[in-house]
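Quick note: to get my numbering, add 7 to the position in the sequence shown (first position is 1).
The beta carbon of each residue, even a glycine, is placed where N, CA and C say it ideally should be.
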Amino acid sequence: MNSDSRPAPIENDEPRIVRETGVDARVASIIEPVINSAGYRLVRVRLSGMNGLTLQIMAERADGTMTVEDCEEVSRMLSPLLDVEDPIDRAYHLEVSSPGIDRPLVRLSDFAKWRGQLAKIETSVMVDGRKRFRGTIVDLSGETVTIEADKANFGEAMVAEVPLDAIADARLILTDELIRTALQADKAARQARGLETFENDDDTASDDAEAGEP
C-alpha cells in the first residue's frame, strides 16, 4: 500500500443538523473538537447495550473515506481523553467505525451528496400527518429536504417537504444503485490519497474502557 498522509485539521466544520441528546451529546461535545483538529469529522455518537455497554463513534475524513488505520488512530486518540473526562459512569466498550454505505445523514451536505438515493427519515414532530418517511431525496433547501415516495412505500404516491430542524434520524437505504455509487466515490477518494482500492474494508476499531476509575 502506498504511504498515506495525515489529514489536515478541519476548522469551522459544517454543523450537524441531526444531533445527539443526553450522554451521547455530552460525549459528542468532548470528542468533536479533538477529532476535527486531527482532520476527521464526527458523524454520530451512540451508547448502546450491545456487548454489555458499547460507545459507538462514527467518523470520517473530509473526503468521506475512513480506513481501518484511521479508525484505529481515532480510537487511540479518544481512549485517554474519555478516561480523563469520564462522561460514562460504567464500564464500556469503545468502537470507532466508518459510516458505512447505508450511512446516517447528519449534515445538509450529506443530503446534497446523496440526492437521488433512497433514504428513510424519522422526525421528532408530525409532518404531513406522519413521523416516518421513506423515499428518494429529490431536492433540498436551507430549511427542508424533499422526499418523493412511491405507492409501494406509502400506499400512494406522495412528495413531502421535511423541515431539517424536525429530523431526528435519517439514513440511506441499501440498494444496488447506492452500492455502485458509493464504491465509485470511495475508489476515487482512495486513489486521490494514493491508497490501493481492491480492499472491501469493514472499517472498525475497538477498545475496552473502564469508566469511573481514577
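Which listed residue (Pro16, Gly59, Pro40 and Thr72) has its alpha carbon closest to that of Arg97: Taking the sequence shown and counting its residues from 1, the one referred to as residue 97 is at position 90. Of Pro16, Gly59, Pro40 and Thr72, the residue nearest in Cα terms is Gly59.
N- and C-terminal bounds of the alpha helix (DSSP H) containing Ile37: Your numbering for residue 37 matches position 30 in the sequence shown. Start and end: Gly29 to Ser44.
What does the Cβ neighbour count give for Leu116, buried or exposed, with the cut at 16 atoms within 10 Å? Residue 116 sits at position 109 when you count from the first residue of the sequence shown. In the sequence on display, residue 116 carries Ser and not Leu. By the 10 Å Cβ count, Ser116 comes out exposed.
Nearest to Glu203 by CA position, among Thr74, Arg23, Leu88 and Ile17, is which residue? In the sequence shown, residue 203 corresponds to position 196, counting from 1. Answer by Cα proximity: Thr74.
Report yes if the CB atom of Glu155 is closer than 8 Å to the CB atom of Leu171, and no otherwise. The sequence position of residue 155 within the sequence shown is 148, counting from 1. The sequence position of residue 171 within the sequence shown is 164, counting from 1. Going by C-beta atoms, Glu155 is not nearer than 8 Å to Leu171.
Under the DSSP definition of a beta bridge, which residues are partnered with Ile180? Taking the first residue of the sequence shown as 1, we reach residue 180 at position 173. DSSP, once it has assigned bridges, lists no residue as partnering Ile180.
What are the start and end residues of the beta strand (DSSP E) that includes Arg83? On the sequence shown, position 76 is the one that residue 83 refers to. Per DSSP, Arg83 belongs to no beta strand (DSSP E); it is in the alpha helix (DSSP H), Val75 to Glu92.
Within this structure, are the beta carbons of Ala189 and Ile128 separated by less than 8 Å? As a first step, residue 189 must be located in the sequence shown, where it is residue number 182. As a first step, residue 128 must be located in the sequence shown, where it is residue number 121. Judged by beta-carbon spacing, Ile128 lies beyond the 8 Å limit of Ala189, meaning their Cβ atoms are not closer than that value.
Note down, in chain order, each residue of its chain lying with its Cβ closer than 8 Å to the Cβ of Ala35, except the 5 sequence neighbours on either side. Your numbering for residue 35 matches position 28 in the sequence shown. Only Arg26, Glu27, Leu49 and Val52 meet the Cβ criterion.
With a threshold of 16 other CB atoms inside 10 Å of the CB of Asp135, please say whether the residue is buried or exposed. The sequence position of residue 135 within the sequence shown is 128, counting from 1. Its Cβ having fewer than 16 others within 10 Å, Asp135 is exposed.
Apart from the five residues on each side of it in sequence, which residues of its chain come closer than 8 Å, Cβ to Cβ, to Asp146? Counting from 1 along the sequence shown, the entry for residue 146 is found at position 139. Closer than 8 Å at the Cβ level, and outside the excluded window around Asp146, lie Arg122, Val152 and Thr153.
Quick one, are the C-beta atoms of Phe118 and Leu125 less than 8 Å apart? Position 111 of the sequence shown holds residue 118. Position 118 of the sequence shown holds residue 125. Their beta carbons are not under 8 Å apart, which means Phe118 does not touch Leu125 by this criterion.
Which one or two residues does DSSP pair with Lys127 in a beta bridge? Taking the sequence shown and counting its residues from 1, the one referred to as residue 127 is at position 120. Answer is Arg141 and Arg178, bridged to Lys127.
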